[in-house]
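Just so you know, we're using UniProt numbering here: the sequence shown kicks off at 1 and counts up by one.
Worksheet: one structure, shown below.
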Amino acid sequence: MKKKFYMTTLAAMLAGSACAETGVTLFGVIDTGLEVLNNVPDANGNASRRSHLNSGNLWGSRWGLRGREDLGGGLQAIYHLESGFDSDTGASGQNGRLFGRGAYVGLAGKSHQVTLGRRNNTLYDYIYPFDPTGMAAYSALTHDAVLAGRADNAIRYDGQFQDLEMTGLYSFGYDGSLKDSGEMAGAPRIGRELGIGLRYAPGALAFGLAFDQRHGTSHASQGIADRRLAAGVSYSSGSVISYFGYRWFAPTSPDMSSRASNLYWGGLKYQATPAFSMVGMSAYTDTRGSAADPLTFALLGTYDLSKRSSLYLLASYASNRGGSNLGVNGFDEQIVSGSNQTGVIAGILHQF
C-alpha cells in the first residue's frame, strides 16, 4: 500500500514538473447571448421576427491548450490547440473540427517563429485590431467573413522588429473539410492560399496592411483566385480610440467580376469608466459596376463585472439599396430579400 502511495506521489510530481517545464496553459472563452432579428423569412417566406440564443457574439466560444519547451540558445518548441464550440448547444464549431480555431506546432526564437498546421489567415490577425468591435458580430465581418478566415495545411512565418510586425503564410489546401480540395498530385493550385501582412505600431498611431489570395477548391475552379487587400489605421487619444479600415476584393475570373467590391468601415471606442466601454461603427460595401451597395450601423456597450466576466449589449441595422441582400449577420443570412434588418444581442462572456 505504501509502495503504491509513493509511486502515485512520484507520478504526480513528475507530471507537475513536466507541465512547469513545458509551460502548458489551459484557456478558454464562453460567450452566449439572446439575439432578436426582424425581417427573417418564415416557412412561407414572409417577414417574421426570430428570437434565439447565439454563441460567440463578441468572442468565439472556445477552449484550448498552448505551451512551449525551452530548447536552449533562445530557441523554443511551441504548440497551440484551440477548439471552437457553440455554447448554446455544445456542438463543435468550424464545421465540426476538433481544433477548428487553430492547431499548429513550430519553433520560435526571440523575435521570429515558424509554425505548421491550421492558422488564422493574415487578414484575420493583421486587420481585426482595426475593427472597432474586434471583428465581433455586427462588424466588418458582416460584409466579408473571409476577414476572419483560417487556413488548413499552412506554413506561417511571424517576425517582430521593434515596432514592426510581419507575417507570411502559404497553405497547400486551406479547407481540408472538402474532399479533394487541396494537396492534390498534379494540381498544386487547388485550395492554395497565400498571404502576407505588416503592422506598425510605434505609439498612439497604428497601421496594418494584409494581402490574401485563395484559389478554387476543385479541378474546375483551381485557376480562379479571390484576391483581397486590406488596410487599417487606429489612433488612441486618452479614453477614445478611432478606427478606419478598407478592403479591396477582386476575383480573377471575368465571369465573377460582379462580386468585385470595395469595403469601407470606421468607428470610435470610448472607455467611459474602467469597467464600461462603448463602440459605434459603420461599414459600407461598394459593389463595383452595381447599385447593390449595403450599409450597416452598429453600437456596442460592454460592462466588465470582473477581469474575466462581462455583460454586453450589441445592436445593428442593415440598410439594403439597389437590390443588395445583406442581413446583420451577413449576405443572404436570415433576411427577406430586399428588406432592411435590425438585430439586437444581449449576452454574457466569461474567460478562463
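Built from N, CA and C at the ideal position, the CB exists for glycine as well.
Query: Can you tell me whether DSSP reads Y264 as helix, strand or coil?; Result: strand
Query: I'd like to know whether the C-beta atoms of R227 and T252 end up nearer to each other than 8 Å.; Result: yes
Query: Can you tell me which of the three DSSP states A77 falls into?; Result: strand
Query: Measure from the alpha carbon of G45 to the alpha carbon of each residue in N262, H350, S337 and F27, then state which is nearest.; Result: S337
Query: How big is the Cα-Cα spacing for T167 and R49?; Result: 44 Å
Query: Could you compute how far the alpha carbon of G191 sits from the alpha carbon of Y174?; Result: 6 Å
Query: Please tell me whether S87 and T32 are closer than 8 Å, where the distance is taken between their beta carbons.; Result: yes
Query: Which runs of the alpha helix (DSSP H), 4 residues or longer, sit entirely within the segment 120 to 168?; Result: 122 to 127
Query: Pop quiz: D212 and G176 are said to be a contact at Cβ under 8 Å. What is the actual Cβ separation, rounded to whole angstroms?; Result: Their Cβ separation, rounded to whole angstroms, is 18 Å, which puts D212 and G176 out of contact at 8 Å.
Query: For the beta strand (DSSP E) containing W63, list its first residue and its last residue.; Result: R62 to G72
Query: Output needed for V344: all residues of its chain with C-beta closer than 6 Å, excluding positions within five of it in sequence on either side, in chain order.; Result: V36 and A315
Query: Where does N54 sit, in a helix, a strand or coil, going by DSSP?; Result: strand
Query: Would S171 pass as a contact of T217 if the rule is Cβ separation under 8 Å?; Result: no
Query: I'd like to know whether the C-beta atoms of P129 and S234 end up nearer to each other than 8 Å.; Result: yes
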